[in-house]
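Participant: Could you have a look at this structure, given as structure tokens, before my questions?
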Amino acid sequence: QDLDAMSAEELLPLAQEEGTVTVYSFTSRIAAVEAAFEAAYPGIDMIGYDASSTEQIARLQAEAAAGIATADVIYISDAPVVLTQLLDAGLIEAYVPPRVDGLLSDEFKSPLLSQRLSTKVLMYNEEAHPDGAPVDNLWALTTEDWAGRVIMVDPLQRGDYLDLMVEFVLRADEMAAAYEAHFGAPIELDAGVDNAGLQFITDLFENDLVLVSSTDDVNAAIGSIGQSNPPIGFTSYSDRRDNEDEGWALQVANEVEPSNGIVFPALLALSTNTQNPAAARLAIDFLMGDDSETGGAGFAPFYVAGDWATRSDIAPHPDAVPLEDFIGWSIDPVATAEIRQEIADQILILQ
Amino acid sequence: MASISPSAGQKRRFSLPQGLPLKIGVLIAIGLLIAAPLLRILFETLAPNSISAWNDVVLSPLSRNLLWIPLGNTMILGLGVATGCVLIGGFLAWLVVMTDIPFRRTIGLMATLPFMIPSFATALAWGSLFRNGRVGGQTGFLEGLGLSIPDWLSWGMTPTLIVLTAHYYSLAFTVIAAALATINSDLVEAAQMTGAKRGRIFMGIILPVALPAIVSGASLTFAGAVSNFAAPALLGLPVRMQTMATRLFGMIEIGQSARGYVIAILLIAVSALFLWFGNKIISGRRSYATITGKGGRAKRFTLGTAKYPLFAAAALICLLTTVVPVVILIASSVAPSSSALFSNWTLHYWIGASTPTIAQGQAGVFYNPFIVSATTTTISLGLVVAVTGSILGLMIAFTLARYRTGFLSGTINQLSFLPLLVPGIAFGAAYIALFGAPMGPFPALYGTFALLVIAGTAYLVPFAVQTGRAVIQQVSGDLDESARLTGAGFFRRMTAITVPLASRGIAAGALIIFVKIVRDLSLVVLLFTPTTPVLSVLAYRYASEGFTQFANAITVVILVISIAATLLANRLQTKSQPWLKN
Amino acid sequence: MITISNLTKSFGTFDAVKSVDIEVPQGAFLVLVGPSGCGKSTMLRMLAGLETPTAGTISFAGNTVSDGDRGWTIEPAERNTGLVFQSYALWPHMTVSGNVEWPLKVGKMPAAERKTRVAEVLKLLGIEKLAARYPNEISGGQQQRVAIARMIAPRPGILLFDEPLSNLDAKLRVEMRTELLRVHRATGATSIYVTHDQVEAMTMASHVAVLKDGEVEQFGTPQDLVAEPRTAFVATFVGTPPANLIPVAPQGVATTFDGNVLPINLNLSGPAQAMYRPETLGVSAEPTPKSLALEFAEASPVAGRIMITGTKGDMRLTAVVDSAPKFTPGDTVHFTVPETPDALFAPNGERMP
Amino acid sequence: MITISNLTKSFGTFDAVKSVDIEVPQGAFLVLVGPSGCGKSTMLRMLAGLETPTAGTISFAGNTVSDGDRGWTIEPAERNTGLVFQSYALWPHMTVSGNVEWPLKVGKMPAAERKTRVAEVLKLLGIEKLAARYPNEISGGQQQRVAIARMIAPRPGILLFDEPLSNLDAKLRVEMRTELLRVHRATGATSIYVTHDQVEAMTMASHVAVLKDGEVEQFGTPQDLVAEPRTAFVATFVGTPPANLIPVAPQGVATTFDGNVLPINLNLSGPAQAMYRPETLGVSAEPTPKSLALEFAEASPVAGRIMITGTKGDMRLTAVVDSAPKFTPGDTVHFTVPETPDALFAPNGERMP
Ligand SMILES: Nc1ncnc2c1ncn2[C@@H]1O[C@H](COP(=O)(O)OP(=O)(O)OP(=O)(O)O)[C@@H](O)[C@H]1O
Ligand SMILES: Nc1ncnc2c1ncn2[C@@H]1O[C@H](COP(=O)(O)OP(=O)(O)OP(=O)(O)O)[C@@H](O)[C@H]1O
Ligand SMILES: [Fe+3]
Ligand SMILES: [Mg+2]
Ligand SMILES: [Mg+2]
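Protein chains in written order, with my numbering: chain A, 12 to 362; chain B, 320 to 901; chain C, 279 to 631; chain D, 279 to 631.
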């Protein structure tokens, strides 16, 4: 019978027969999910493997080479890499639980199921700038005012930042328009630079962009309170939730031309060689949340300010800008994957 | 027993040169454990869809930033750190082992610690003193005093060099101290008789007779420095300084692993060159036999008036490289805000019950249900790998020390060093691919403790080889020969003669392995089934969620385990070498 | 029986032992003597199986144990030999009794027997009080005795000694050599013994081999060697004190002795070396017709007599006389030469009939 | 001048050297002799400054250099002494010439001069051909010579030798002692020399100190010691061969010698030990009225005579005779005792007037 078409209730007995399901997860919040899942479906043991996207990919590839399969469900970010190295290579396959099929827009269903959305967007220190973001156009970051004071993680060390760079190029036209809006003149491209997005990246790097190695460093640099002239930079909107604990004053710049950054998905997929096909599907179904306002126990760990459920029926977190008001670009993993390496090479030359 | 002749049955004819069977045995072992995974990594880069990576890395417009500049930086770091570490480590080792400096044991313990403190903590410690406003956020203590710290002192090569030296010198210390402990004091006394001053004796006699240890120490610290990611990433990136390690990490991270592996292979090749050179130095006709069959006396240098200045210098080094990072680390596990490490301390992250307002309701590490099981798993893993790694390392070290020349020895030497330079993730992946599936009569090891042990052993055996060899080379050959005459077999001699004499070096190697595997993440995370996670994985989980305090608390737990192991090793040490008592 | 044939050992281009042929009968006590660096220790190490010969073979009772030509050698462990290393090679991490006991443990001797045996050999060597010390806590001579104790404890079939008593005082040395001989006789083991002590060589040996530059100069009983040295080298090497050699050449009916014409007719046909035993030379403060003037070097009472040595250039003469004037360094001593030398050697060192 | 007063060195509870008082005049050549483990090396090490005395002081030319009572000692580096270690202590990582050269480098000798000096001492010790070898590539005796060369090269003011010639052959040893004496005289340095070789002690020493269990038994010129041993121990320790001691006790007008009554009247008032020099004892195969029967131990030609040793229980007698019957082990030898002993010692070892 067609497992893909089965409802959770139909899958349950089959899954219980299988008895276990292994989830590779890029976040440790899987532990909370595990507890909830086992409470919801007694008799099925969920095993959560917690490993970064990169490690998951390495592991899946190595397992495939050895002809073994231990994973049933893959919960992973880094969509562009996942598409090329796992999906195209046939190591994972898409699955959309029929229950949520209608609640997701197409971009979240294919090529892989997106469970929620995260961001890499322009953030500033709201203590130093109580009246709102100090910039209203990305191109301002390339000006003298912000020389040496724009900070982000090295895009050649973190895939999501590379995706951000790629997005600038994919949105070159918007970038060109924003340029004109900011400087009042159409953009002139440097030799060898063939679009406004790349020109932006180039100018940004030339403006003494400060690179660090982790998002937390960016947060601390931008957000630490007590700074008279804090830098500005790209980081996760959801990190704002740590403001109080960490002594930060992070705020998102949501009124920026043409956009403040990217919104990208966390993906759920089936391992192609899963030994527990029913339980795997059941787990994905569970991870997509129940039909309550907040997604219930399965989604609870992910119901945080600054991250958004892909399901249209889960209410936005009250502490954050709702997704529809958010100006970040949603990435297109397929398009991103196509030019990602090329952009990486360009950035490499810039460094 | 008046018969002269061995009966015909006893006769065993060797038409092989001495040592060949041993060499071949060792070669097979490391061929399987080390060469196979490395070759797999190499072949990965030669696959049709990744072969272009070679061109990209070596011969394209990208090469400059992808390879050459990072390579240059890496070599500066490697050589600089190795030099610094050997000097500082050697100096401290001499003080602790050979002189009557006050608080010898304490200094000795402190000097082994920096390696156990994660290098990010050392880098943070540097930042907390010297950080300037370039990146934003909190500035360091000195800028807080109103001093203006230039970029070169805050970021880039200089601080990275210093931090890595402060982190790795303890490796050199451990190896060199083990070697110095075996030097008959009459060699030093003979030098004293010539009228040579302390420094002269140190440079002219002590360091050279400990040359194998120095080469080992230099090799280990070189490898450590060139493969360290945390320090250059934290301190170098803001001024766009890249090393092979940061590049390699980045390439794998952004999905260009073929390029990453090519970089790794090139790093291995370059390092192999240095290693070969180092080995060349110590494999000549020269002997380093300082433990001889004429029991020399064990005596300490009296420092006289220089005692206190030297003590002050040693104490300062230890303080700066251990106490400061440890304080920062502990502070960061009790301070609610990472930007104000010394305010609002709370023990919540240690002993707090679950409060929804903090860290999404995580309970303090002591109440964390995982922590106990993770600690047990971690310690057992550490112990098992330390034992297996030491045994394999001992075999290799013995082979290398006794048969120093020849192609086979060279190969063994190089091979047994390489894992130090391979990124853990690549090594782990190769292991899964090679040994994950059932092989003939052997069951699939994937996901088992056994695979992790085997991989960990192979991955960390270089430490045991380097520390072991340095000491074994100092055991005069006639001690083994006189044991051979008694009819004792190879293993008997090994356990009764070589191991006790080299015990300090072996213990040092085992300790380093223990600390490494307990802290290691990349290999463990890839190979282990984390139903019962180890501590490092736990720390990683917290860190990736942004619960830095928890992560740091676990790091402190790991540090405490490491220190406990050191203390234990020290104890066994003194017990196991009664003839070195003073 | 130990048969050594054509045995050669080279270190790089240097030949430490060159085509040595010796047959040592079962139960014999062979003493190897020879100048420093002549290859004695190398010989012992090859016999022990620690060193593979470059060429030649060694066989024990007819079984080849080392074959340099084919490059193999039987493991030391399987030769039933014991060696006292010149360097002692004590295990620094074991106490004195531990050092002696370990080989017995390896030999699987039962614990009780082992204890007795250890106590026994330590007592034999007079080091029973040091049992609990480590090698670095005892004196050089004590270390040397531990090395001997360790070697003899398991009663090996072939005993190899490399200058085992060199660091002992004269009194102890005399006692020890008696003990070692007793051990040798009690076990009937074949022993090969390297020493520089002439008295040791003469009193202990059933056979002596004199080595020079890796070659055997003469092999025979100790009496033979003293009485009939086959070469000039042997003559100057054995005996207490060894014999003197004076370069001589015919000069009409007289003879030049080291350039001085003395009215002695040796009937030479060409230059030669004349051997005089020390007791045949006389000594006086004044020149005599048949005396040679040398510079006084040293005097020492030996066996109730006085041994007087003089040097002149390379030549060194030693006379043993019942009484002699008192010389001080720098004095001239006149050595009177008897009519007939004890032997004559050709300039190349070979004995003349 | 070296003044040693009340010098004591303890290792834990064991006293290796006990209240030694010696004055060594400037330029003297003091030989230390004594049984294995009696504290000779420890003395030298204290003189060199390598060991701090437990008590007592050492002063060089009036300047205290070690003070055990106050627990301080001047650095070896500042004493201008040189020591040939009993264990050689060659630096394994330097070649032979490197070993010899390093002290000169430390002494800041100019390179050219250094080269000459190294070549010179290597030549002096006959090891010039080994200059480029490492210590593990040369023989034991060669190593010992390197140790000597290294010590004398920088011409230290006080020369300390710890059994420097023990591993050399007799011939070389004779040559070397002449050379060492020459070095000693040429520099006028004070030398302290440990040896077990009686001939060395007799020929080289201006003064001899006999040590026993860490104490000085007798200190004097070599002649004194042989002629007038102050204790029974010294009597049996010096001389080649050393004197014999026989336990004697009065038995009416006769005397028991080791229990046997011999018709010799020694006028004793109680038990004592009679000393006989070897050359005063006779030897015969048949008993005589004044002979003692012992078991034959060994015979060896010495200085044109024969040295015969017999043992009985603990007693060991050595006679030096011009000729003797041929004995084989196990034979009974009869040692004839002369009328008067050369000296008498009380049972506690003290000399009787
Ligand atoms: N560390 C130590 N602990 C205890 N006793 C020691 C120690 N070192 C030396 N001794 C003892 O001190 C005594 C003197 O030793 P020393 O080396 O001076 O003797 P020596 O006269 O040179 O003997 P030898 O002729 O055998 O070399 C010996 O009995 C030795 O056992
Ligand atoms: N590894 C080596 N390389 C070169 N020559 C060596 C090596 N080992 C020993 N020799 C030489 O071989 C010769 C014989 O050495 P061996 O140790 O047998 O001498 P020996 O007769 O025992 O001398 P000694 O009486 O001084 O102990 C020596 O001249 C020595 O220099
Ligand atoms: Fe579970
Ligand atoms: Mg030798
Ligand atoms: Mg001594």
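In this text, a Cβ means the ideal position worked out from N, Cα and C, and glycines have one as well.
Helix, strand or coil for residue 664 of chain B per DSSP?
Facilitator: On the second sequence, residue 664 of chain B is found 345 positions in, with the first residue counted as 1. Coil, per DSSP.
Participant: Of all the options B/415, B/508, B/380 and B/348, which has the alpha carbon lying nearest to the alpha carbon of residue 776 of chain B?
Facilitator: On the second sequence, residue 776 of chain B is found 457 positions in, with the first residue counted as 1. Out of B/415, B/508, B/380 and B/348, B/348 has the C-alpha closest to the C-alpha of residue 776 of chain B.
Participant: Could you please go through the chain and list the residues whose beta-carbon is closer than 5 Å to any non-hydrogen atom of ligand 2?
Facilitator: The answer, residue by residue, is C/289, C/292, C/294, C/314, C/315, C/316, C/317, C/318, C/319, C/320, D/415, D/416, D/417, D/418 and D/419.
Participant: Any Cβ of chain B within less than 7 Å of the Cβ of residue 292 of chain D?
Facilitator: Indexing the fourth sequence from 1 puts residue 292 of chain D at position 14. Closer than 7 Å: no.
Participant: Taking DSSP as the reference, what is the three-state secondary structure of residue 609 of chain B?
Facilitator: Here residue 609 of chain B refers to the residue found at position 290 of the second sequence. The answer is coil: DSSP assigns residue 609 of chain B none of H, G, I, E or B.
Participant: Tell me whether the beta-carbon of residue 222 of chain A lies closer than 7 Å to the beta-carbon of residue 161 of chain A.
Facilitator: Within the first sequence, residue 222 of chain A is the residue found at index 211, counting from 1. Within the first sequence, residue 161 of chain A is the residue found at index 150, counting from 1. Cβ distance not < 7 Å, so residue 222 of chain A and residue 161 of chain A don't count as in contact.
Participant: Can you find the residues in the same chain that come closer than 6 Å, C-beta to C-beta, to residue 13 of chain A, ignoring five residues on each side of it along the sequence?
Facilitator: In the first sequence, counting from the first residue as 1, residue 13 of chain A sits at position 2. Cβ within range, chain order: n/a, list empty.
Participant: Return no unless some Cβ of chain C is closer than 7 Å to the Cβ of residue 303 of chain D.
Facilitator: Taking the first residue of the fourth sequence as 1, we reach residue 303 of chain D at position 25. Chain C, which has no Cβ nearer than 7 Å to the Cβ of residue 303 of chain D, makes this no.
Participant: Using beta carbons (cut-off 7 Å, strictly below), is residue 469 of chain B in contact with chain C?
Facilitator: Stepping through the second sequence from its first residue, residue 469 of chain B is reached at position 150. For residue 469 of chain B, the answer is no, since every Cβ of chain C falls outside 7 Å of its Cβ.
Participant: Would you call the stretch 38 to 50 of chain A and the stretch 233 to 251 of chain A touching, i.e. three or more CB-CB distances under 8 Å?
Facilitator: The answer is no - the stretch 233 to 251 of chain A does not touch the stretch 38 to 50 of chain A, with fewer than three Cβ pairs under 8 Å.
Participant: By the criterion of Cβ-Cβ separation under 7 Å, what are the contact partners of residue 167 of chain A in chain B?
Facilitator: Residue mapping note: residue 167 of chain A aligns to position 156 of the first sequence, counting from 1. Those within 7 Å of residue 167 of chain A in chain B are 569 and 573.
Participant: Give the interface partners of residue 381 of chain B over in chain G, defined as CB-CB distance under 7 Å, in chain order.
Facilitator: Within the model displayed, chain G is absent; protein chains A, B, C and D are what it includes.
Participant: Applying the criterion that 16 or more other CB atoms from any shown protein chain within 10 Å of the CB defines a buried residue, is residue 884 of chain B buried or exposed?
Facilitator: As a working note, residue 884 of chain B is residue 565 in the second sequence. With 16 or more Cβ atoms within 10 Å of its Cβ, residue 884 of chain B is classed as buried.
Participant: By how many angstroms is the C-alpha of residue 317 of chain C removed from the C-alpha of residue 327 of chain B?
Facilitator: In the second sequence, the residue the question calls residue 327 of chain B occupies position 8. In the third sequence, the residue the question calls residue 317 of chain C occupies position 39. Low per-residue confidence applies at residue 327 of chain B: pLDDT is 38, beneath 50, and the placement is therefore not dependable, though the value from the model is reported in the following sentence. Taking the straight line joining both Cα atoms gives about 30 Å.
Participant: On the DSSP bridge list, what partners appear for residue 345 of chain D?
Facilitator: Sequence index remark: in the fourth sequence, residue 345 of chain D carries index 67 (1-based). The partner list for residue 345 of chain D (beta bridge, DSSP) reads D/335 and D/350.
Participant: Name the chain C residues whose beta carbon is nearer than 8 Å to that of residue 555 of chain D?
Facilitator: In the fourth sequence, counting from the first residue as 1, residue 555 of chain D sits at position 277. Neighbours of residue 555 of chain D on chain C, chain order: 582.
Participant: Decide if residue 569 of chain B is buried, meaning its Cβ has at least 16 other Cβ atoms within 10 Å, or exposed.
Facilitator: Your numbering for residue 569 of chain B matches position 250 in the second sequence. The residue is buried, with at least 16 neighbouring Cβ atoms inside 10 Å.
Participant: Can you give me the start and stop residues for the beta strand (DSSP E) that residue 585 of chain D sits inside?
Facilitator: Translated into positions along the fourth sequence, residue 585 of chain D becomes position 307. Residue 585 of chain D -> beta strand (DSSP E) spans 583 to 590.
Participant: Is residue 422 of chain D near ligand 5, in the sense that its beta carbon is under 6 Å from a heavy atom of that ligand?
Facilitator: Here residue 422 of chain D refers to the residue found at position 144 when the fourth sequence is read from its first residue. Because no heavy atom of ligand 5 lies under 6 Å away, the Cβ of residue 422 of chain D does not count as near it: no.
Participant: Counting pairs of beta carbons, one from the stretch 322 to 335 of chain C and one from the stretch 769 to 789 of chain B, are three or more of them closer than 8 Å?
Facilitator: Taking 8 Å as the limit for Cβ pairs, the verdict is that the stretch 769 to 789 of chain B does not touch the stretch 322 to 335 of chain C.
Participant: Determine the chain C residues that contact residue 804 of chain B at a beta-carbon separation under 7 Å, and present them in chain order.
Facilitator: Against the second sequence, residue 804 of chain B aligns to sequence position 485. What residue 804 of chain B touches in chain C: 326, 354, 359, 360 and 361.
Participant: With a threshold of 7 Å on Cβ separation, who are the neighbours of residue 514 of chain D within its own chain once the five nearest residues in sequence on each side are excluded?
Facilitator: For the purposes of this step, residue 514 of chain D is taken as the residue at position 236 of the fourth sequence. Taken in chain order, the residues that qualify are 520, 521 and 523.
Participant: Which whole runs of the beta strand (DSSP E) in the stretch 446 to 475 of chain D are 3 residues long or more, in chain order?
Facilitator: 468 to 472, all fully within the stretch 446 to 475 of chain D.
Participant: For residue 635 of chain D, which three-state DSSP category applies?
Facilitator: No answer is possible for residue 635 of chain D: the residues shown for chain D start at 279 and end at 631.
Participant: Do residue 476 of chain C and ligand 4 come close, with the Cβ less than 6 Å from some heavy atom?
Facilitator: As a working note, residue 476 of chain C is residue 198 in the third sequence. No, ligand 4 has no heavy atom inside 6 Å of this Cβ.
Participant: Have a look at residue 331 of chain B and residue 279 of chain C and give me their C-alpha separation to the nearest angstrom.
Facilitator: The residue labelled residue 331 of chain B in the question sits at position 12 within the second sequence. The residue labelled residue 279 of chain C in the question sits at position 1 within the third sequence. Its pLDDT being 46, under 50, residue 331 of chain B is placed unreliably by the model, and the measurement read from it follows with that caveat. Cα to Cα, residue 331 of chain B sits roughly 20 Å from residue 279 of chain C.
Participant: Since residue 612 of chain B meets chain C, which of its residues come closer than 7 Å, beta carbon to beta carbon?
Facilitator: As a position in the second sequence, residue 612 of chain B is number 293, starting the count at 1. Neighbours of residue 612 of chain B on chain C, chain order: 363, 365, 366, 367 and 368.
Participant: Of all the residues that make up the stretch 718 to 733 of chain B, which are near chain C by a beta-carbon distance shorter than 8 Å?
Facilitator: Against chain C - using a Cβ distance shorter than 8 Å - the stretch 718 to 733 of chain B contributes no residues.
Participant: By Cβ distance, which residues of its chain are closer than 6 Å to residue 549 of chain D, with the 5 residues on each side in sequence left out?
Facilitator: Taking the first residue of the fourth sequence as 1, we reach residue 549 of chain D at position 271. Once the five neighbours on either side are set aside, the close Cβ partners of residue 549 of chain D are 527 and 625.
Participant: Leaving out five residues on either side along the sequence, give the residues of the same chain with a beta carbon under 8 Å from the beta carbon of residue 403 of chain D.
Facilitator: For this step, residue 403 of chain D is matched to residue 125 along the fourth sequence. For residue 403 of chain D, where only same-chain residues beyond five positions count, the Cβ hits under 8 Å are 423, 424, 426, 427, 454 and 457.
Participant: Is residue 445 of chain D close to chain B, meaning its C-beta is less than 7 Å from at least one C-beta of that chain?
Facilitator: Locating residue 445 of chain D in the fourth sequence gives position 167, where the first residue counts as 1. So no, residue 445 of chain D is outside the interface.
Participant: If you check the beta carbons only, do residue 367 of chain D and residue 530 of chain B fall under 7 Å apart?
Facilitator: Against the fourth sequence, residue 367 of chain D aligns to sequence position 89. Against the second sequence, residue 530 of chain B aligns to sequence position 211. No, the pair does not count as a contact, with Cβ atoms beyond the cut-off.
Participant: Do you know how far the Cα of residue 576 of chain C is from the Cα of residue 414 of chain D?
Facilitator: Looking up residue 414 of chain D in the fourth sequence gives position 136. Looking up residue 576 of chain C in the third sequence gives position 298. Their backbone Cα atoms lie some 35 Å apart in a straight line.
Participant: Just to make sure I have the definition right: I need the residues of chain B whose C-beta is within less than 8 Å of the C-beta of residue 371 of chain D. Which are they?
Facilitator: As a working mapping, residue 371 of chain D is identified with position 93 in the fourth sequence. 527, 528, 530, 605, 606 and 607, listed in chain order.
Participant: Any beta carbon of chain C sitting closer than 7 Å to that of residue 801 of chain B?
Facilitator: Position 482 of the second sequence, counted from the start, is the residue given in the question as residue 801 of chain B. It does; some Cβ of chain C falls within 7 Å.
Participant: Determine, for residue 288 of chain D, whether the minimum Cβ-Cβ distance to residues of chain B falls below 7 Å.
Facilitator: By 1-based counting over the fourth sequence, the position of residue 288 of chain D is 10. So, not an interface residue.
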